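Residue numbers (this note's numbering): 38 to 605. Every residue, glycine too, gets a C-beta built ideally from N, C-alpha and C. None of the values given here were measured: they were computed from a predicted structure. Read the structure below first, then the notes.
In structure tokens:
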């Protein structure tokens, strides 16, 4: 049944045509995130699915392309064909490839809220316009949420402003559909031309512009995978771009059909890209960084690494389990409520989580901490407490460790302290430093096993191969146990991989396992460790530029090459 034959009525839902931007998930608008959160059905092309999926509510039906996005998904028509992969919107028993407009209409039946996500901006998408007309003809209400167009967003990320102080004219051309008349018009102009094309068609587009009157020595930049950490940009001229891509071994390539954005023009700032390429010059741009931590603890560290341009890959090396005998923990929590303790000291986020789970089991909340002084070993533990509704009374002013906590811990004073006991919930493998120090300060300590740390299951075979084969650019070790456990479950990182450790003890363990430490945090903090790695990457980039060498990632170095010890 043609979508235009559907009659308007209350059985039809609502469609939001949403621009997902050029690739960076952070470029989604607030309105886009809001629409995705309330969608019943998500209809998206393959290349934008990961960008929008993370904002969709759990249980949303998904419809997307099941083809290579670099190929024409519908030979002969060019219209997008979509596959139902979680289909409450169709009755077909097996996934069926359907016309996009028909599926959008079909999904809107029964009052469903449909989000139709396209790359870039829907106003510049020919097929989205056709689908909007189909909705209008059928009386299905729809709205448009604009997105950042690839032709605008990608040059911005490539460090190529499209206009200068003289206000040069800017023309946009889709080389895949451009007519001879279109090429003639842009060729006659002396303004900036932004061309949407594919990698293997860049040279042909350059030839069209030269034939239309542009000078062969006109500057040209070509960007692939724009706004993502896979972005790469090449600078040449209309006359040399084909030779440049061949010399750099970019072409021929099996990925020649990948979309690219090319910017052409005397005043397109191509010559200034070295100063303006803010995105690709991030200190860890494109680095694949292994984060061997528990899933809960890796999130904030991964966010920080992304801000430096890295691609974090989280591999749990430690699994947290309840204590084998829970009675001791149960007694301590009850003692917390009945006034047995003057202090409770949290030495990890996991300790906070363990106590919080016990509280919830007994129907308690943060109010049970009233009258009790609370200590946290560092800022991350303090944040976990604040999220629980508890503001810590003591956080080390110096080193964030057991030793740093003891530096600031007050000695027991029978005049001012009515109770002399401290509750210390911690891991089964924790050191005795804090216990011994508190006893020396005159306190009685209930040292309670709140959780056990065990070695996690091995990661997938693909990840193990990447670790041992040099597929990762760097690995962050945040404790001696993460070193031992990663080597135990996945093998030793390749010698081209940069090894970063949180402190001397962790570095010593890494060296005992045959690893050469390149980076060490100036203080024992995961965020300082990430900063130190970023500094290392920045210095490495500067050294390559000053030497006239191409900027490469560690994983791109010759296998087996010796690594020099860093003084970082």
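Short of 7 Å in beta carbon distance, which residues of its chain neighbour residue i, apart from the five on each side in sequence? Order them along the chain.
i: residue 525; result: 492
i: residue 349; result: 326, 328, 339, 342, 343
i: residue 405; result: 373, 374, 396
i: residue 571; result: 320, 321, 345
i: residue 391; result: 462, 487, 488
Examine chain D for any beta-carbon lying closer than 8 Å to the beta-carbon of residue i, and answer yes or no.
i: residue 594; result: The structure shown contains no chain D, having only a single protein chain.
Which residues in the same chain as residue i place their Cβ atom closer than 6 Å to its Cβ, once the five residues preceding and following it in sequence are excluded?
i: residue 279; result: 240
i: residue 443; result: 474
i: residue 37; result: With the chain represented from 38 up to 605, any question about residue 37 goes unanswered, as that position is not in the structure.
i: residue 51; result: 150, 178
i: residue 148; result: 50
i: residue 413; result: 383, 419, 422, 429, 432
i: residue 225; result: 250
Can you tell me which of the three DSSP states residue i falls into?
i: residue 220; result: helix
i: residue 21; result: There is no way to answer for residue 21, as the model of the chain reaches only from 38 to 605.
i: residue 174; result: helix
i: residue 526; result: helix
i: residue 515; result: coil
i: residue 110; result: Residue placement at residue 110 is flagged as unreliable, the pLDDT there being 46, under the threshold of 50; a coordinate-derived value is accordingly withheld.
i: residue 377; result: coil
i: residue 562; result: coil
i: residue 461; result: strand
i: residue 619; result: No statement about residue 619 is possible, as the shown extent of the chain runs from 38 to 605 and does not include it.
i: residue 488; result: strand
i: residue 126; result: Here the model assigns residue 126 a pLDDT of 39, short of 50, so the residue's position is not dependable and the matter cannot be decided.
i: residue 578; result: helix
i: residue 136; result: strand
i: residue 54; result: strand
i: residue 201; result: coil
i: residue 179; result: strand
i: residue 571; result: helix
i: residue 86; result: helix
i: residue 604; result: At residue 604 the pLDDT is 39, less than 50, meaning the model places this residue with poor confidence; the figure from the coordinates comes in the next sentence. In this structure, residue 604 counts as coil in the three-state DSSP scheme.
i: residue 5; result: Because the chain is modelled from 38 through 605, residue 5 falls outside the range shown and cannot be assessed.
i: residue 338; result: helix
i: residue 94; result: coil
i: residue 189; result: helix
i: residue 616; result: There is no way to answer for residue 616, as the model of the chain reaches only from 38 to 605.
i: residue 424; result: helix
i: residue 493; result: coil
i: residue 594; result: coil
Using the beta-carbon count (16 or more within 10 Å), is residue i buried or exposed?
i: residue 88; result: buried
i: residue 498; result: exposed
i: residue 546; result: buried
i: residue 437; result: buried
i: residue 453; result: exposed
i: residue 583; result: exposed
i: residue 539; result: buried
i: residue 399; result: exposed
i: residue 466; result: exposed
i: residue 221; result: exposed
i: residue 385; result: buried
i: residue 290; result: exposed
i: residue 411; result: buried
i: residue 282; result: buried
i: residue 315; result: exposed
i: residue 94; result: exposed
i: residue 310; result: buried
i: residue 248; result: exposed
I believe residue i touches residue j by the beta-carbon criterion, under 8 Å. Please report the beta-carbon distance rounded to the nearest angstrom.
i: residue 274; j: residue 257; result: 6 Å
i: residue 191; j: residue 298; result: 4 Å
i: residue 445; j: residue 434; result: 6 Å
i: residue 458; j: residue 483; result: 6 Å
i: residue 388; j: residue 487; result: 5 Å
i: residue 53; j: residue 180; result: 5 Å
i: residue 154; j: residue 64; result: No, residue 154 and residue 64 are not in contact; Cβ-Cβ is about 13 Å, not under 8 Å.
i: residue 461; j: residue 471; result: 7 Å
i: residue 591; j: residue 503; result: The Cβ separation is near 13 Å, so there is no contact.
i: residue 270; j: residue 301; result: At roughly 14 Å, the Cβ-Cβ gap does not stay under 8 Å, so residue 270 and residue 301 are not in contact.
i: residue 268; j: residue 303; result: Not confirmed; about 24 Å, so no contact.
i: residue 184; j: residue 57; result: 6 Å
i: residue 261; j: residue 236; result: 6 Å
May I ask whether a heavy atom of the ligand PLP can be found less than 7 Å away from the beta carbon of residue i?
i: residue 67; result: With respect to the ligand PLP, the structure shown offers nothing to examine, as it has no ligands at all.
Suppose the cutoff is 8 Å on Cβ atoms and the five residues either side in sequence are ignored; what does the same chain contact list for residue i look like?
i: residue 188; result: 157, 161, 209, 231, 233, 298
i: residue 265; result: 60, 61
Check your understanding: What are the complete beta strand (DSSP E) segments, minimum 3 residues, inside the stretch 204-272?
Key -> Within the stretch 204-272, the complete beta strand (DSSP E) runs of at least 3 residues are 207-211, 229-235, 256-261.
Review point. Which residue spans inside the stretch 374-422 form an unbroken beta strand (DSSP E) run of at least 3?
Key: Those beta strand (DSSP E) runs which fall completely within the stretch 374-422 and span 3+ residues are 380-383, 410-413.
Exercise for review: May I have a chain-ordered list of the alpha helix (DSSP H) segments no shorter than 4 residues that lie completely inside the stretch 530-561?
Suggested key: Correct list: 541-549.
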